[in-house]
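Participant: Counting from 1, position 221 in the sequence shown corresponds to residue 221 in UniProt numbering; the numbering is continuous, with no gaps. From the three backbone atoms N, C-alpha and C, an ideal C-beta is built for every residue, glycine too.
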Amino acid sequence: MTACGASAPRPLVLVGASGLAREVLAVVRRHGPHGVVGVVDDAPATHGGDVDGVPVLGGLDALESWPDAGVVVCVGRGADRAALVDRLERRGVTGRRYATVLHPSVEVPPGCTVDAGSVLLAGVVLTSDVSVGRHVVVMPNVTLTHDDRVRDFATLAAGVSLGGGVEVGPRAYLGMNASVRERVRVGADATLGMGAALLTDLPDGETWAGVPARPLGRAHAAAAAAHERTVHP
């Protein structure tokens with residue numbers, strides 16, 4: 001695990017009292033040198049509580065008490081992460097503050113890059129010339145192969161596999177065990193359902209599912225979006 005913009009370990013503050021925060025906390029505790037000093041969340045019901053033993057310090061204002069701490073945004077939906085990062089920027093939290101969290105099992109080979117604020121959990125594989133953007137969440141056992149480009153705020157659920165030369169657009173969501181054929185593009189804000197096999201480009205903002213993946217009807221797409229909001233509050 002690295003803290004973007006810092007050459008030495010620094011304390012971390014997690015933004016969002018969520019399931020993702022618990023997973024990030026587990027990685028940090030396993031790694032050792034970094035410590036999570038607290039969680040911040042704007043939901044008053046979380047204040048004074050804890051996330052797996054780490055105190056919820058209050059709302060975003062509480063970050064002002066930890067000006068030297070690294071920050072990890074732990075909100076599941078990419079659009080929500082993007083909105084939070086915009087809010088934090090207005091509060092003076094810039095790119096150098098964001099930590100990049102890598103599970104100890106994850107290797108980043110020469111030629112591959114993982115940008116600030118991203119989270120890669122256990123068993124993620126990067127092969128050659130893979131680029132992972134800012135504030136991307138990659139869940140366990142995802143495979144990224146040569147020349148893949150995963151853009152800012154994308155979310156790849158557990159077991160996703162990308163062929164070579166795939167582009168995943170900003171804020172896109174790929175469900176568990178979805179597969180994408182080589183040189184195919186997943187558009188910005190698009191959703192690929194769990195277990196889907198994507199053989200052709202998925203346009204911006206659309207929801208596809210199935211084997212092979214096809215567009216969902218409007219009602220099914222709305223239901224899928226509602227489910228994602230429930231799973232990733």
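#1: In the DSSP assignment, what residue or residues form a beta bridge with A197?
#2: Just curious, the alpha helix (DSSP H) that V27 is in, first and last residue?
#3: Please report the distance separating the alpha-carbon of A69 from that of P11.
#4: Go ahead and label T113 buried or exposed: buried means 16 or more other beta carbons lie within 10 angstroms of its beta carbon, across all protein chains shown.
#5: Quick check: the stretch 121 to 128 against the stretch 139 to 150, are at least 3 beta-carbon pairs closer than 8 Å?
#6: Report the option in E167, F153, R29 and P55 whose CA atom is closest to the CA atom of A83.
#7: R64 by DSSP, collapsed to three states: which one?
#8: Can you have a look at P170 and say buried or exposed, based on whether 16 or more other CB atoms are within 10 angstroms of its CB?
#9: Can you tell me which of G164, S18 and L202 puts its alpha carbon nearest to the alpha carbon of R77?
#10: Sort R183, N177 and E182 by Cα distance to L192 and report the nearest one.
#11: Which residue marks the beginning of the beta strand (DSSP E) containing A209, and which one marks its end?
#12: With DSSP run on the structure shown, which of helix, strand or coil describes R149?
#13: Since G117 and V72 should fall inside the 8 Å C-beta cutoff, what is the C-beta to C-beta distance between them, to a whole number of angstroms?
#14: What ranges does the beta strand (DSSP E) occupy inside the stretch 80 to 167, keeping only unbroken runs of at least 3 residues that lie completely in it?
#15: Please identify the residue among H47, M194 and R30 whose C-alpha is closest to the C-alpha of S105.
#16: So, at 8 Å on beta carbons, what are the nonlocal neighbours of L25 in its own chain, with the 5 sequence-adjacent residues on each side left out?
#17: Would you tell me roughly how many angstroms separate the C-alpha atoms of W208 and S65, rounded to the nearest one?
#18: Where A198 and D147 are concerned, what is the direct C-alpha to C-alpha distance, given to the nearest angstrom?
#19: If you reduce the DSSP assignment to three classes, tell me which class T2 lands in.
#20: Terminal residues of the continuous beta strand (DSSP E) containing P203?
Facilitator: According to the data block:
#1: Walking along the sequence shown from the start, residue 197 turns up at place 197. Beta-bridge pairing links A197 to S179.
#2: Stepping through the sequence shown from its first residue, residue 27 is reached at position 27. Here the alpha helix (DSSP H) through V27 covers G19 to H31.
#3: The residue you call residue 69 lines up with position 69 of the sequence shown. The residue you call residue 11 lines up with position 11 of the sequence shown. Roughly 5 Å between the two C-alpha positions.
#4: Here the question's residue 113 lines up with position 113 in the sequence shown. With fewer than 16 other Cβ atoms within 10 Å, it is exposed.
#5: yes
#6: For this step, residue 83 is matched to residue 83 along the sequence shown. Comparing Cα-Cα distances from A83 to each of E167, F153, R29 and P55, the minimum goes to F153.
#7: As a working note, residue 64 is residue 64 in the sequence shown. This sequence places Glu at residue 64; Arg is not what is there. Looking at E64 - three-state DSSP - the assignment turns out to be helix.
#8: Along the sequence shown, one-based indexing puts residue 170 at 170. The residue in question, P170, is buried, as its Cβ has 16 or more Cβ neighbours within 10 Å.
#9: The count along the sequence shown starts at 1 and reaches residue 77 at position 77. The candidate whose alpha carbon is nearest that of R77 is S18.
#10: Reading the sequence shown from its first residue, position 192 is the one you call residue 192. Among R183, N177 and E182, the Cα nearest to that of L192 is on N177.
#11: Translated into positions along the sequence shown, residue 209 becomes position 209. It spans T207 to A209 - the beta strand (DSSP E) in which A209 sits, taken as one unbroken run.
#12: Looking up residue 149 in the sequence shown gives position 149. Correct three-state label for R149: strand.
#13: In the sequence shown, counting from the first residue as 1, residue 117 sits at position 117. In the sequence shown, counting from the first residue as 1, residue 72 sits at position 72. Contact holds; Cβ gap of about 7 Å.
#14: none
#15: By one-based count along the sequence shown, residue 105 stands at place 105. Looking at the Cα atoms, R30 is the closest of the given residues.
#16: Walking along the sequence shown from the start, residue 25 turns up at place 25. L14, V36, V51, D52 and V54, listed in sequence order.
#17: Taking the first residue of the sequence shown as 1, we reach residue 208 at position 208. Taking the first residue of the sequence shown as 1, we reach residue 65 at position 65. Going by the C-alpha atoms only, they are around 44 Å apart.
#18: Numbered from its first residue, the sequence shown carries residue 198 at position 198. Numbered from its first residue, the sequence shown carries residue 147 at position 147. Before going further, note that residue 198 is Leu rather than Ala in the sequence given. Those two C-alpha atoms are separated by around 17 Å.
#19: Taking the sequence shown and counting its residues from 1, the one referred to as residue 2 is at position 2. Confidence at T2 is low in this model, with a pLDDT of 44, below 50, so its placement is unreliable and the value that follows should be read with caution. Of the three classes helix, strand and coil, the one that applies to T2 here is strand, per DSSP.
#20: The residue given as residue 203 occupies position 203 in the sequence shown. No beta strand (DSSP E) holds P203; DSSP gives it neither H nor E.
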